[in-house]
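To keep things clear, I will list the structure first and then write my remarks on it.
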Amino acid sequence: FSYGNSFGHLVLHLTGNLNYYIGAQIANTGYVRDRAREFTDPTPPSKEEALKRLDHAVAMVIQTIRAQSPEDWSRPYSGVGTNCGNRLDMTVQCAAHMQHHIGQMIYLGYEWKRQSAQ
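For what it's worth, this note's numbering labels the leading residue of the sequence shown as 44, then goes sequentially.
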């Protein structure tokens, strides 16, 4: 797109979101997020590397979800930029956040196809 790599930035953003809110805060991965860089990195990873990182983040989330006991879901949660009070709320918020941005990605795909046809 003439206005930048919106799709790529969304991939980086979703990766950072999952790695921070689930990885660092629930799975204790030690991930440190630089949210601004997700949109402004002057040397972003290649498409293949960005998708690989997203795949790893999703796999980590699945593993973390599977590791939760019924009691774990109601454990207190705190993270920068959220007011979710427990792990279940945060996990649902991350799922909704991902769905929102995937919708944007689908729209970008349609827009790219439309512009390419002109």
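Virtual Cβ for every residue (Gly too), placed ideally from N, Cα, C.
>> Tell me the DSSP secondary structure of residue 126 in three-state form.
In response: Coil.
> Beta carbon of residue 59, beta carbon of residue 78: below 8 angstroms?
Replying inline: Yes; because the gap between Cβ atoms is below 8 angstroms, this pair is in contact.
>> Between 91, 128, 98 and 116, which has its C-alpha nearest residue 62's C-alpha?
In response: If we check each option's Cα against that of residue 62, 98 comes out closest.
> Thinking C-beta only, is residue 150 closer than 8 angstroms to residue 133?
Replying inline: In this structure, residue 150 does not lie closer than 8 angstroms to residue 133 by Cβ.
>> Pop quiz: residue 93 and residue 55 are said to be a contact at Cβ under 8 angstroms. What is the actual Cβ separation, rounded to whole angstroms?
In response: That belief holds up - the Cβ atoms of residue 93 and residue 55 are roughly 6 angstroms apart, short of 8 angstroms.
>> Judging by CA-CA distance, which residue of 70, 85 and 96 is the nearest neighbour of residue 109?
In response: Comparing Cα positions, the closest option is 70.
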